[in-house]
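Report on one structure; see the data block that follows.
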């Protein structure tokens, strides 16, 4: 095992050469929060979801995830991260591990601390420090994993900042919302809608009516929008139809979770997990994300489904789940595409495996096809989406966790009709999910 002095470099160690290892952090004397930042060649955060911390426990690629519990040699009280560096996209050049003070205090009050690198074979490097190494700092860059000549290496740092986590975020090019956190109440949501998004008020009212019809007016859930960015979607983005549709889903999200945000994923050849769409950034949101992530060739449902599952249920890492996983809140996923997929087998497995999780997939195809089972259009033999329809009827699931309908255009239905469609099978799934032990009562 190597003991690393402050500022020293570890050239290359076997565990990092193998690209799979853990970084465990122990500190006494202060309560510290850990975060990691995946950075590009300019030292800037690759994308908001590549900041990993307690509230965002895994990167979209699965390359970095929060570690809690027991470290090397049975050490308890460890915080840290697990790394699978082969999963990180090529744009990531560095991953920096940081620590910041939770509450009052400065780093000179630390009694002792260390960052431990270890793999299945045990600990292979340790960087130790004490409060004597610091003064008035409230945040630290503890160490970083970086690429050099095609290999991953580690560098201990110990660089301090007088500010807290917000200063670290800004240092790495992230955005900090300085506004106070909104209160969690329906009255407060109405006020914020009037102040920041009055154009969405009518949408929220329409969503409310549909939810009342099915007895879900006080229901709470997380809402996720998954958008196809294959080349054939170009005209829909250009005409603003995807933005309009996203606003309708945001309104549903406001009713299900009054933080006023929905999670957003894009998929084509690759999958991109974006900063949430919310009341602070909804105007022009879709154009902004398309400018940042241009349309791609290929369409891969399975990869997108896996990424969503990894985000909401990181313990399963998007893999096979054979028994029910209980959750406090369900996840409602609006999945939008205008074409078929090149990974049908993976998509089927993801839907089947996720039936053991509190996640409901609402698939919407843009094109021809049966509009929905509830509209009794079984006479339509021609369909652009036979595979999506098959996911709706997929055998071998714990519960029926998916629904499908198609539209000729995202704006084909009125707001009221759309929200009714979105609630066609979700209430039944909720009852089945509770009965199967997927949701807390």
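In this note's numbering, the protein residues as written are 1 to 441. Beta carbons are placed, not taken as given, at the ideal position from N, Cα and C, and that holds for glycine. Here the structure is a predicted model, which means the values were calculated and not measured.
For residue 232, the closest of 267, 358, 86 and 397 by C-alpha to C-alpha distance is 267. For the options 131, 170, 134 and 54, the alpha carbon positioned closest to that of residue 39 is the one of 170.
In this structure, residue 138 sits away from residue 120, with a CB-CB distance that is not shorter than 8 Å. In the DSSP assignment, residue 32 is bridged to 101. By the CB criterion at 8 Å, residue 206 and residue 416 fall inside the cutoff. Bounds of any alpha helix (DSSP H) do not take in residue 153; it lies within the beta strand (DSSP E) bounded by 151–161. Of the candidates 136, 111 and 407, the residue whose Cα lies closest to the Cα of residue 130 is 111. Assigned with DSSP and collapsed to three states, residue 61 falls in coil, not helix or strand. Beta-bridge annotation (DSSP): residue 219 is not paired with any residue. Assignment of residue 338 by DSSP, reduced to helix, strand and coil, places it in the coil class. The closest CA to that of residue 239, considering only 411, 122 and 311, is found on 411. In the DSSP assignment, residue 361 forms a beta bridge with 333 and 402. For residue 244, the three-state secondary structure derived from DSSP is helix.
In the structure shown, residue 424 falls within a coil segment according to DSSP collapsed to helix, strand and coil.
Within a 10 Å sphere around the beta-carbon of residue 431 sit fewer than 16 other beta-carbons, which makes this residue exposed.
Sequence-distant Cβ neighbours of residue 319 in its own chain, meaning closer than 8 Å and more than five residues away, are 353. For residue 145, the secondary structure class from DSSP, reduced to helix, strand or coil, is strand. Residue 91 counts as exposed, since fewer than 16 other C-beta atoms from the protein chains shown sit within 10 angstroms of its C-beta. Around the beta carbon of residue 328, a 10 Å sphere encloses fewer than 16 other beta carbons of the protein chains shown; the residue is thus reported as exposed. Taking residue 83 as the centre and dropping the five residues before and after it, the same chain places the C-beta of 19, 20, 21, 22, 23, 63, 64, 95 and 145 closer than 8 Å to its C-beta, in chain order.
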